[in-house]
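What follows is a single structure, written as structure tokens, with notes after it.
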Amino acid sequence: MRSHYCGLIGQAEVGQRVTLCGWADARRDHGGVVFVDLRDHEGIVQIVADPDNDQVFKVASKVGYEDCLRVIGTVRVRSNINEKIPTGHYEVVAESIELLNAARDLPFALHENPNEEMRLKYRYLDLRRPEMQKLMRTRIKLVQALRRWLDARGFQDIETPILTKATPEGARDYLVPSRVHAGQFYALPQSPQLFKQLLMIAGFDRYYQIARCFRDEDLRADRQPEFTQLDMEFAFVEERDVQDTVEAMIREVFREVGGIELADPFPRMTWHEAMRCYGSDKPDLRIESELVDVADAVKHIEFKVFSDPANDPDGRVAALRVPGGADLSRKQLDGYAAHAAKFGAKGLVWLKYGHDGMITSSALKHLSGDEGGESVASRLIVAAQMAQGDLIFIGAGKWTTVSTFMGALRLKVAQDRGLVSQSWKPLWVTDFPMFEYDETEQRYVALHHPFTAPKVDDAEALGADPAHAVSRGYDMVLNGAEIGGGSIRIHRPEMQSAVFRLLGIGEAEARAKFGFLLDALKMGAPPHGGIAFGIDRLAMLIGGTEAIRDVIAFPKTTSAQDLMTDAPSPIDARQLAELHVQVMQRTGPGG
RNA sequence: GGUGUCGUGGUCCAGUUGGUAGGACGCCGGUCUGUCUAACCGGAAGGCGCGGGUUCGAGUCCCGCCGGCACCGCCA
């Protein structure tokens with residue numbers, strides 16, 4: 002049906018008769034001569050219809066945007082070159098133009114920049130756009146490169162069930178009712194976590210899978226209800242075995258797919274260090290600034306907002322320096338306070354060190370008091386290493402809260418003031434806390450997941466001080482995004498039971514939900530560990546886009562709907578009955 | 001669950017202190033042998049997401065709902 006691709010016409014084809022298929026990207030009709038830009042997935046080439054050929058000329062004059070065409074013609078060098086396209090030196094003189102299928106009543110033209118709603122509803126048109134073709138191809142290349150790397154090293158690609166068992170911990174499950182077992186449900190996997198551990202126990206040694214995962218939680222710019230992980234697991238390994246291997250993989254794949262050079266080796270930092278310096282467990286190291294502890298400067302002042310946390314072992318008083326920030330307006334400062342508030346700040350103090358040496362602050366009267374001949378404000382200026390013209394934000398309160406909102410502020414300020422460098426900054430974050438206390442549930446929850454091994458080997462020691470237990474988990478972070486996370490797993494049944502107990506999962510529940518794992522751990526389970534990478538996020542980073550939707554062919558909206566197919570949708574009564582499912586009446590307006 | 005923001009011809013947007021809708025692109029018709037999302041001339045096309053309310057009068061103000069997007073909660 003065709004001999005060449007439009008976008009690949011070049012010197013080699015000059016003088017040749019070619020047959021091209023594609024879509025009409027544009028028509029330029031001069032009355033006497035007609036140009037049609039024919040586009041396929043490789044690019045665009047110009048078709049010329051001369052009036053000498055009556056048949057061709059007639060068809061060409063009527064070509065519309067996005068008509069699907071087959072063109073036969075001869076390639077020649079153009080008299081006036083178009084530098085904007087790779088094929089700009091050549092054109093195809095048509096001897097036949099066949100309208101394979103007309104395009105009518107398009108909801109939008111491809112170059113029109115329609116809004117997201119339109120793009121999602123007519124995704125097949127949106128995907129025709131070269132930008133989308135390019136992003137999707139980046140993703141394809143990424144997956145190919147990863148597979149090639151893994152296959153060459155003996156990793157074994159094994160599929161795991163999509164219809165599986167609901168888990169009590171973690172995200173909300175997507176459920177699938179069982180027809181055969183009335184009232185019972187499968188769950189779609191949040192990740193193949195337990196299966197890959199069982200594969201290690203089964204002796205497969207090194208496993209990987211490009212696995213679809215499902216989590217029924219609210220969406221974000223970088224989160225979809227179904228997403229793809231490169232899931233990996235290794236037997237007989239410790240942290241560095243896993244980390245060094247996948248670090249080399251990521252470095253090579255980024256070079257190959259994106260032409261991106263990543264540091265060798267990646268810098269490493271503990272979770273605590275990351276929180277202290279950057280207020281985040283996934284610090285963006287493209288931004289130079291760090292949080293500075295200034296508790297020492299305010300320990301003895303009367304201003305309790307500062308002095309109380311400064312003297313509390315679980316408290317923190319931290320400053321963020323904004324170079325040249327003295328020019329920030331009152332309105333901008335209020336904006337930053339509001340931003341910090343979203344992340345839990347009860348208030349945000351600012352202090353300006355003017356170009357003229359004048360100190361102004363939102364809490365000046367509390368900070369101007371002398372102590373040993375030196376004002377608190379000047380001590381803050383020294384502590385935060387301020388220069389004239391700088392500003393600092395100061396946050397005070399609980400250590401984790403302060404770190405978090407000051408970290409959020411650091412990102413926001415850097416983005417607003419153009420302080421995010423054009424660079425690639427990977428790192429490992431290690432030594433995560435094992436547990437986190439959930440106030441609403443009044444119990445500990447696993448920070449990573451319940452199968453992550455603690456650093457201590459002894460279950461009793463773990464139980465003695467769970468709040469300070471450190472895990473053998475690790476995250477790979479790139480430019481402020483968590484691209485991969487994993488851990489060394491628990492491989493001894495006593496430890497696994499102890500962790501379940503600490504999480505408030507009783508003996509009976511552990512048996513019912515994870516009995517198969519506990520049994521397997523008793524049958525010679527090898528030490529093992531692994532990691533999973535977010536394929537979508539990797540594709541976003543390499544592709545240079547902010548929205549996960551841009552790297553998924555058919556994504557869902559923030560309310561988890563598919564605007565093209567209109568899923569989810571009601572199910573008829575017969576189908577429901579077969580599944581033993583009854584739909585509850587919606588309450589409230591519109592119900 | 002919450003906050004913010006947007007919703008106006010097919011598409012993207014503008015619509016001042018409330019006075020009865022406007023532009024660009026596209027579309028339709030016409031002119032034109034070298035353009036680059038050709039150019040030029042002419043034309044058609046919406047009652048402003050939906051439902052209430054205030055008002056003599058509502059894209060413009062108020063209330064509720066729906067939808068897109070971003071964020072908080074949530075995402076082991």
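No gaps in the numbering here: position 94 of the first sequence is 95 in our numbering, and each next residue is one more.
Quick reminder that beta carbons are idealized off the backbone N, C-alpha and C, glycines included.
Would you please state the rounded distance, in angstroms, between the beta carbons of Asp404 and Arg322? I believe it to be under 8 angstroms. Before going further, note that residue 404 is Ser rather than Asp in the sequence given. That pair is no contact at about 16 angstroms.
Is it buried or exposed, Ala298, if we count other Cβ atoms within 10 angstroms and call 16 or more buried? buried
When you compare each of Trp351, Ile45, Glu113 and Phe555 to Leu329 by their alpha carbons, which one comes out closest? Trp351
Give me whichever residues DSSP pairs with Leu428 in a beta bridge. Val478
Exposure label - Ser308; buried when at least 16 CB within 10 Å: buried
By Cβ distance, which residues of its chain are closer than 8 angstroms to Gly589, with the 5 residues on each side in sequence left out? Since pLDDT at Gly589 reaches only 43, below the 50 mark, its modelled position is unreliable, and the value read off the structure follows with that caveat. Closer than 8 angstroms at Cβ, skipping near neighbours: no residue.
Our contact map puts Val595 next to Val49 with C-beta atoms below 8 angstroms; I'd like the distance itself, whole angstroms only. Here the chain has residues from 2 to 592 only, and residue 595 is not among them.
Helix, strand or coil: how does DSSP classify Leu176 here? strand
Indicate whether the contact test is met: 3 or more Cβ pairs, each with one atom in the segment 458-477 and one in the segment 509-519, closer than 8 angstroms. no
Simplified DSSP state of Pro131, which is helix, strand or coil: helix
With a floor of 4 residues, list each alpha helix (DSSP H) that falls wholly inside the segment 267-293, ordered by position along the chain. 272-279
Consult DSSP for Thr246 and reduce its assignment to one of helix, strand or coil. In the structure shown, Thr246 adopts helical secondary structure according to DSSP, grouped into three states.
Rounded to whole angstroms, what's the CA-CA distance from Trp24 to Trp429? Just pull it up for me. 46 angstroms
Once DSSP output is grouped into helix, strand and coil, what is the label at Met387? coil
Using the beta-carbon count (16 or more within 10 Å), is Ser560 buried or exposed? Ser560 should be labelled exposed.
According to the Cβ coordinates, are Ala341 and Leu349 closer than 7 angstroms? yes
Rounded straight-line distance, which links the Cα of Lys197 to that of Ala526: 12 angstroms
Going by C-alpha to C-alpha distance, which of Ile549, Pro528 and Lys523 sits closest to Ala535? Ala is not the amino acid found at residue 535; the sequence shown has Gly there. When each option's Cα is compared against that of Gly535, the closest is Ile549.
Measure the C-alpha to C-alpha separation of Val471 and Phe215 and round it to an integer number of angstroms. 28 angstroms
My output table needs one value for Lys399: the three-state DSSP class, helix, strand or coil. The answer is strand: DSSP assigns Lys399 an E or B state.
To the nearest angstrom, how far is it from the Cα of Ser362 to the Cα of Ile382? The alpha-carbon atoms of Ser362 and Ile382 are separated by roughly 12 angstroms.
Within a Cβ cutoff of 8 angstroms, which residues of the same chain sit near Leu229, ignoring the five residues on either side of it in sequence? The sequence given here places Thr at residue 229; Leu does not occur at that position. Ile211, Ala212, Arg213, Cys214, Gly535, Ile536 and Asp537, listed in sequence order.
Secondary structure, beta strand (DSSP E): runs of 3+ residues fully inside the segment 139-166: Complete beta strand (DSSP E) runs here, min 3: none at all.
Smallest Cα separation from Asp439: which of Val414, Ser422, Gly398 and Gly505? Gly505
Is it the case that the Cβ atoms of Ile595 and Asp26 are separated by a distance below 7 angstroms? With the chain represented from 2 up to 592, any question about residue 595 goes unanswered, as that position is not in the structure.
Are at least three pairs of beta-carbons, each pair with one atom in the segment 158-177 and one in the segment 136-144, less than 8 angstroms apart? no
Cβ-based burial, Glu239 [other Cβ within 10 Å; buried from 16]: exposed
Reference Ile395; option with closest CA among Ser376, Leu412, Asp417 and Ala364: Ala364
Coil, strand or helix - Arg77 by DSSP: strand
Classify Asp158 as buried or exposed, calling it buried when 16 or more other Cβ atoms lie within 10 Å of its own Cβ. exposed
Selected residue, minimal CA-CA separation from Asp357, among Leu151, Asp391 and His449: Asp391
Close-in-space but distant-in-sequence residues of the same chain around Ala103 (CB under 8 angstroms, 5 per side omitted): Gly65, Asp68 and Cys69
Outcome for Glu14 when other beta-carbon atoms lying within 10 angstroms are tallied against a minimum of 16: So Glu14 ends up on the buried side.
When the distance is taken between beta carbons, is Val60 closer than 7 angstroms to Ile98? yes
Tell me which residues share the same chain as Phe555 and place their Cβ nearer than 7 angstroms to its Cβ, disregarding the 5 neighbours each side in the sequence. The answer, listed in chain order, is Arg124, Asp563 and Met565.
Tyr209 to Arg154, Cα distance in whole Å? Near 11 angstroms, if we compare the C-alpha coordinates of Arg154 and Tyr209.
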